[in-house]
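First residue of the sequence shown? That's 3 in our numbering, and the numbers climb one at a time after it. What follows is a set of notes on a single structure, which appears directly below.
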Amino acid sequence: MQKIVNIIAIASGVVSLAVVGAAGYVYVQKDAIIESVTEKALGSIGGGALSGALGGGSLPTIPQGAPDASVPDFAPAAPPVQF
Numbered sequence: 003m004q005k006i007v008n009i010i011a012i013a014s015g016v017v018s019l020a021v022v023g024a025a026g027y028v029y030v031q032k033d034a035i036i037e038s039v040t041e042k043a044l045g046s047i048g049g050g051a052l053s054g055a056l057g058g059g060s061l062p063t064i065p066q067g068a069p070d071a072s073v074p075d076f077a078p079a080a081p082p083v084q085f
């Protein structure tokens, strides 16, 4: 019985050390990991093709003084009913 408990204790220790080691590695390498992910994300866009398509005047401009399109135009409220 004690052999089984010892094996479970050793396995638990190994798993704990692996988790702490992985967390420490990620903490130390976080800047490199972020930079790598950023480069891959920007590279998948296609070298700026998307930004050129959207920023090249394909979107209409909103004239100055125009109402904000994100705010709905509500009809005026009905007058209160008197009893």
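Positions of the beta carbon are idealized from the N, C-alpha and C atoms, including for glycine.
Separation of the CB atoms of Ile36 and Val28 is rounded to 11 Å, and the pair is thereby denied contact status at 8 Å. Taking C-alpha positions only, Ser14 is separated from Ser46 by approximately 41 Å.
Excluding sequence positions up to five before and after Asn8, its CB lies less than 8 Å from no other CB in the same chain. Ser18 and Ala24 have their alpha carbons spaced roughly 10 Å apart.
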